[in-house]
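Notes follow the structure.
There are 2 protein chains.
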Amino acid sequence: MARVEIPEPYLTAWRAFLNAHAATTEHVEAALAAADLPPLAWYDVLWPLYDARRLRMGELATRVVTISRSGLTRLVDRVEAAGLVRREACDHDRRGTDLVLTAAGKAMLRRMWPVYARVIEERFVAVIGRREAEELADTLGRVGARAPAAEPTASSVRRPALQ
Amino acid sequence: MARVEIPEPYLTAWRAFLNAHAATTEHVEAALAAADLPPLAWYDVLWPLYDARRLRMGELATRVVTISRSGLTRLVDRVEAAGLVRREACDHDRRGTDLVLTAAGKAMLRRMWPVYARVIEERFVAVIGRREAEELADTLGRVGARAPAAEPTASSVRRPALQ
DNA sequence: CAGAAATAGTTGCGGGCGCACATTTTGTCT
DNA sequence: AGACAAAATGTGCGCCCGCAACTATTTCTG
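Protein chains in written order, with my numbering: chain A, 60 to 222; chain B, 60 to 222.
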């Protein structure tokens, strides 16, 4: 029956990890919904497009780790239907689709970020010291590292200042 | 437009946090599926029942933070249909439903934990120092703390030794 | 250069989830 | 006691997701 042993401190940390994610995520979604804004998943599509100006579906998929390829297709369907992004033909590869942010998409990004950021500040920044944040980044960076060497990282949350 | 500012180290930590969760979660689900076992959500139902012997739907909902009340109803429907738990009438309150683990449920728990634990070891324990684990638990514990004072914590991952 | 193999993206299908509402039972106030 | 609010689940409905299969291209191979 292979008695699996995981030392107490690790187990506690693991539980805290899962809890923290559930709690914060929930609050972000609630805040967005309360402000009549789309779910966080839309942000994950819009931001990389703002950051890169133009991306192919596959490249976007690389940055949105939380959803499957087909799921992304339909997520983009919806975001496009809302007029926030536009699909364009890809030059060098007629199989591919390029995505670009529309003006409305950029505007939506500007409306979503403050709401998103507010929750990050209240639930995350507010209870973590600067030094701790650095350690967190380091530790969790290792946990999230794509095992072997390939598997790209993911999830971008704004790098250059959004306007 | 309220230029929201979040210091770099926090943003980096936040990204690492989301990435780490996506990555580990994905691996756990993959490992369970590969072993022909139910998804992690089932574990979240089975374990608290093993831990508490008997729980009402509402009490269970308190511990399974990642799903809504109605979602839990149907999750339990499935787990019950699989013969892993049993719904029983609650004595003092005829509105309520008690849940108890069946022998098959306990057995399933014993099959799932090693697979689950294996991933925790490989992806989490293996890349974190003991000291770091304690700091993680502390820091993320604060992040996951239910804001005001009520809102119970959640997610249990085995406390007494499973057999 | 023909044809197999690989790649990019989409779609059919079945399943799971959350919201809002319905149902049954308790608790309270008068 | 009688009525009304509150609490504990379950249910109808529509949305979203992932898997596997499909189409259209491109790339590799002999």
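No residue lacks a Cβ here, since even glycine has one placed at the ideal position from N, Cα and C.
- Message: Could you check if A/T121 belongs to the surroundings of the ligand ATP, using beta carbon to heavy atom distance under 7 Å?
- Response: The ligand ATP is absent from the structure shown, which contains no ligand whatsoever.
- Sheet register partners of B/A148 (DSSP bridge): B/T156
- Item | Cβ-based neighbour list, A/K165, same chain, cut-off 7 Å, excluding 5 preceding and 5 following | Y109
- For B/L119, which residues from the same chain have a beta carbon less than 8 Å from its beta carbon, with the 5 sequence-adjacent residues on both sides left out? V104, P107, L108, L131, V135, L158
- Please go through the same chain and pick out, in chain order, the residues whose beta-carbon is closer than 6 Å to the beta-carbon of A/T83, but skip the five residues on each side of it. R182
- Using the beta-carbon count (16 or more within 10 Å), is B/A163 buried or exposed? exposed
- If you measure from the beta carbon of B/Y69 to each beta carbon in chain A, is any gap under 8 Å? yes
- chain B contacts from the region 186-204 of chain A (Cβ-Cβ distance under 7 Å): V186, I187, R189, E191, A192, E193, E194, L195, A196, T198, L199, G200, R201, V202, G203
- With DSSP collapsed to three states, give me the class of B/L96. coil
- Pairwise C-alpha distance: A/M171 and A/L99: 9 Å
- Task: Tell me, please, which residues DSSP counts as bridged to A/L114.
- Result: A/L158
- In three-state DSSP terms, what is B/L70? helix
- Are B/Y69 and A/I187 close, meaning C-beta to C-beta below 8 Å? yes
- Message: Run through chain B and tell me which residues come within less than 8 Å of A/V184, C-beta to C-beta.
- Response: I65, P66, Y69
- Query: What's the C-alpha gap between B/G142 and B/M167?
  - Reply: 10 Å
- Closest Cβ-Cβ distance between A/V87 and chain B: below 8 Å? no
- Message: Rounding to the nearest angstrom, what Cα-Cα distance links A/G203 and B/A148 in this structure?
- Response: 44 Å
- Query: B/R115 and B/G155: beta carbons closer than 8 Å?
  - Reply: yes
- Message: Quick check: what's the CA-CA separation for B/R205 versus B/E67?
- Response: 25 Å
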